[in-house]
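Participant: Before I ask anything, let me first share the structure, which is written out below as structure tokens.
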Amino acid sequence: MEILHGLIVITFVHLLAAASPGPDFVLVTQQTLNHGKRIGLLCSLGIALGLSIHIVYSAFGLAAVIANSAEALWAIKLLGGAYLLYLGVKGLRSRPASLEPGTDNARILPPRSALRIVGTGFLCNALNPKAPIYFVSLFTIVLSPSMPLYQIAIYGVWIMLIQLGWFSAVALLLSTPPIHRAFKRFSHWIDRVLGLAMVALGIKVLTTRV
1 MEILHGLIVI TFVHLLAAAS PGPDFVLVTQ QTLNHGKRIG LLCSLGIALG
51 LSIHIVYSAF GLAAVIANSA EALWAIKLLG GAYLLYLGVK GLRSRPASLE
101 PGTDNARILP PRSALRIVGT GFLCNALNPK APIYFVSLFT IVLSPSMPLY
151 QIAIYGVWIM LIQLGWFSAV ALLLSTPPIH RAFKRFSHWI DRVLGLAMVA
201 LGIKVLTTRV
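Residues 1 to 210 in the UniProt record's numbering are what the sequence shown lists, from first letter to last.
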């Protein structure tokens, strides 16, 4: 019952966190609208895998150390903010895609390896400077010093599955034919707007005190 109670608490808390607009949401939206369902799902997988970094250091009690270390948070902020700026600039440089009849927006793009897309999502999540503070709060709610490692592993995997499920749902929704057709003609403008949002998030990360 203890494990079940913890899973229920984690489900409600982490769903709210995942659904909150942020870099992960912007990235999945951008990738799905411009490159299609497959890319959106791969990006979602990368974001979920990125959580493993936070879960591992939290399980070993390092989340509190990082959250209270000005130097560690500064380093994460610098890396995370710079990466968001990089992604945002890429979006701002987006160019119109071919609109010839029967042309699929995803097919005319240069080949993108699955590993590269997963890596993009992974880094976007792993370099989030707010994550250590969030995981301190989350793990304080459900963890205790005497909790066995297998129980921590169960919670960690469950958090990753929630993250994967949420962003996969976002990718599937945005890749449905009606939505895809509606956005296809303006895909490069959407990419630029979302790129601008990513730049704004990057600047916020770099200038906001965590």
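Cβ coordinates follow ideal geometry from the N, Cα and C atoms, glycine included.
(1) Relative to the C-alpha of Thr29, which candidate in Val193, Leu206, Ile203 has its C-alpha closest?
(2) Mark Phe12 as exposed unless 16 or more other C-beta atoms lie within 10 angstroms of its C-beta, in which case mark it buried.
(3) Taking a contact to mean a Cβ-Cβ separation below 8 Å, would you say Val199 touches Leu85 in this structure?
(4) Determine the burial state of Tyr83: buried for a count of at least 16 other Cβ atoms within 10 Å of its Cβ, exposed for fewer.
(5) With a Cβ-Cβ cutoff of 8 Å, do Ser44 and Gly119 count as a contact?
(6) I need the DSSP call for Ser168, collapsed to helix, strand or coil.
(7) DSSP three-state call for Phe60: helix, strand or coil?
(8) Under the assumption that Asp24 contacts Ile55 (Cβ atoms under 8 Å), give the Cβ distance between them as a whole number of angstroms.
(9) Report yes if the C-beta distance between Val157 and Gly80 is below 8 Å; otherwise report no.
(10) Check this for me: beta carbons of Leu33 and Phe139, under 8 Å apart or not?
(11) So, at 7 Å on beta carbons, what are the nonlocal neighbours of Ala114 in its own chain, with the 5 sequence-adjacent residues on each side left out?
(12) Spatial neighbours of Val170 within its chain, please: C-beta separation below 8 Å, excluding the five flanking residues on both sides.
Facilitator: So, from the listed chains and residues:
(1) Cα-wise, what sits closest to Thr29 is Val193.
(2) Burial call: exposed.
(3) yes
(4) By the neighbour-count rule (16 or more Cβ atoms within 10 Å), Tyr83 is buried.
(5) No. Outside cutoff.
(6) helix
(7) coil
(8) The pair is not a contact, with the Cβ atoms about 15 Å apart (cut-off 8 Å).
(9) no
(10) When the beta-carbon positions are compared, Leu33 and Phe139 stay at least 8 Å from each other.
(11) Leu42
(12) Phe25, Val28, Thr29, Thr32, Gly40, Ser44
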